[in-house]
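Student: In the numbering used here, the protein residues as written are 13 to 325. Submitted below is the structure of interest, expressed as structure tokens.
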Amino acid sequence: MKRLLKVIGILIVALLAFIGILAVYNQIAIKAEADNIVPNGEIVDLGNYSVHVYSEGDANAAPTLVFMSGSATVAPVYDFKALYSLLSDDYRIAVVEKAGYGYSDIVEIDRDVATMVEEVRNALNGAGINKPYVLLPHSMSGLEAVYWAQNYPDEVSGIIGIDMSVPDAYADGALNQKITRRMMTLGRLSVKLGLLRIPGIYPLNEAPLTDEEVIQQKLLMYRNAVNPVYIAEGQNVWENAKVVKAGGNLTCPLLMFCSDGTEIGDFWIPVQKEFAEENQAEIVFFDCGHYIHYFKSEEMKKQIEAFLDRILE
């Protein structure tokens, strides 16, 4: 028994030493890697901080398809490539990386829904990408897209939700606040310790990317993962959901792509169906996970083109 305890003690000490070395290496590496992070789009100065906007396709085409990322997506410009690369031959696309995302600055800033929507609108204006827009929100940014359409209806020709969050997803008993906050705290600790540098700990979708884009995405993951902006968004999401809920139903056309819900919870599909019914939306279900655009981009392309043909006639 003494020998066993000694072996266990040695293993624990070795593990702690490994984690300590990894944490120190991570802090050194982040500083060294900063010069290798090179934006592939336009950096827009918003005054106290800058936001990255990537666009491709015909600059004269209207409306622009604006991709809005889900919470904690470390590099939206690469995350969405599997889908927008199929659409940019016929439409202008834009990916706005909010503060804390992708190549944008990480800053302490309010993350109420009104502020986030203003940030994206100002970034598009600064990049010379004019309204109208069709919004393609993934996950939590569904709240921002709905708020945008509620408050600036002349700017939004339609919304195409990519397993988008709806206000009732944050009702009591759905996404538990205590569990979510605990996960964010643990996630931030894992980042500080450099655990994300262990292969397989934080898998990224690399299928549509070039070798250089794969490298850039990893560098952005090391820099951005579970940063203070993501945490602030998570802390504000329940209040944001209440604001959007109070804003009423949509008047613009809405297409919703919905996952099987297994990565989120049993409540997911019912709240999606209810929101679609309340807002006269088309809804398409896929038997796949939350990041639908990883798995069903070809099928989504066809549905999106048909939807756009109908609303832009």
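C-beta: ideal position from N, C-alpha, C; glycine also.
Between which two residues does the beta strand (DSSP E) carrying Ser309 extend?
Tutor: Here Ser309 belongs to no beta strand (DSSP E); instead the alpha helix (DSSP H) covers 309 to 323.
Student: Determine the DSSP secondary structure at Met77, reduced to helix, strand or coil.
Tutor: Per the sequence shown, residue 77 should be read as Leu rather than Met. Of the three classes helix, strand and coil, the one that applies to Leu77 here is strand, per DSSP.
Student: Quick check: the Cα distance between Ala44 and Asn236, rounded to an integer number of angstroms?
Tutor: Answer to the nearest angstrom: the Cα atoms are 15 Å apart.
Student: In chain order, which beta strand (DSSP E) runs of at least 3 residues are fully inside the stretch 203 to 279?
Tutor: With a minimum length of 3 residues, the continuous beta strand (DSSP E) runs that stay inside the stretch 203 to 279 are 266 to 270.
Student: Can the beta-carbon of Ala157 be found less than 7 Å from the beta-carbon of Val65?
Tutor: No, Cβ-Cβ distance for Ala157 and Val65 is not below 7 Å.
Student: Express the C-alpha separation of Phe307 and Tyr145 in angstroms, rounding to a whole number.
Tutor: Going from the Cα of Tyr145 to the Cα of Phe307 covers about 25 Å.
Student: Would you kindly work out how many angstroms separate the C-alpha atoms of Lys93 and Glu290, rounded to a whole number?
Tutor: For Lys93 and Glu290, the distance between alpha carbons rounds to 31 Å.
Student: If I measure Cβ to Cβ from Val226 and keep anything under 6 Å in the same chain, skipping five residues before and after, which residues do I get?
Tutor: For Val226, where only same-chain residues beyond five positions count, the Cβ hits under 6 Å are Glu218.
Student: Since I believe Glu131 is in contact with Leu221 (beta carbons under 8 Å), could you give me their beta-carbon distance rounded to a whole number of angstroms?
Tutor: With a Cβ gap of about 26 Å, Leu221 and Glu131 do not count as contacting.
Student: Identify the residues that DSSP records as bridge partners of Ser67: which are they?
Tutor: Bridge partners of Ser67: Ala106.
Student: Alpha carbon to alpha carbon, how far is Met13 from Ala29?
Tutor: Rounded to whole angstroms, Met13 to Ala29 spans 24 Å at the Cα level.
Student: On a Cα-Cα basis, can you pick out the residue from Met233, Phe297, Asn48, Gly140 that is closest to Asp175?
Tutor: Nearest of Met233, Phe297, Asn48, Gly140 to Asp175, Cα basis: Phe297.
Student: Assuming the contact rule is C-beta atoms closer than 8 Å, Ser309 and Leu98 should be a hit. Round their C-beta distance to whole Å, please.
Tutor: That belief holds up - the Cβ atoms of Ser309 and Leu98 are roughly 6 Å apart, short of 8 Å.
Student: Would a check of beta-carbon distances place Ala84 closer than 7 Å to chain B?
Tutor: The structure shown has no chain B; it contains just one protein chain.
Student: Leaving out the 5 sequence neighbours to the left and right, which residues in its chain are closer than 6 Å to Met268 when beta-carbon positions are compared?
Tutor: For Met268, where only same-chain residues beyond five positions count, the Cβ hits under 6 Å are Gly173, Ala288, Ala293, Ile295.
Student: Using the Cβ count rule (16 or more neighbours within 10 Å means buried), how would you classify Glu245?
Tutor: It is buried - the Cβ of Glu245 has at least 16 other Cβ atoms within 10 Å.
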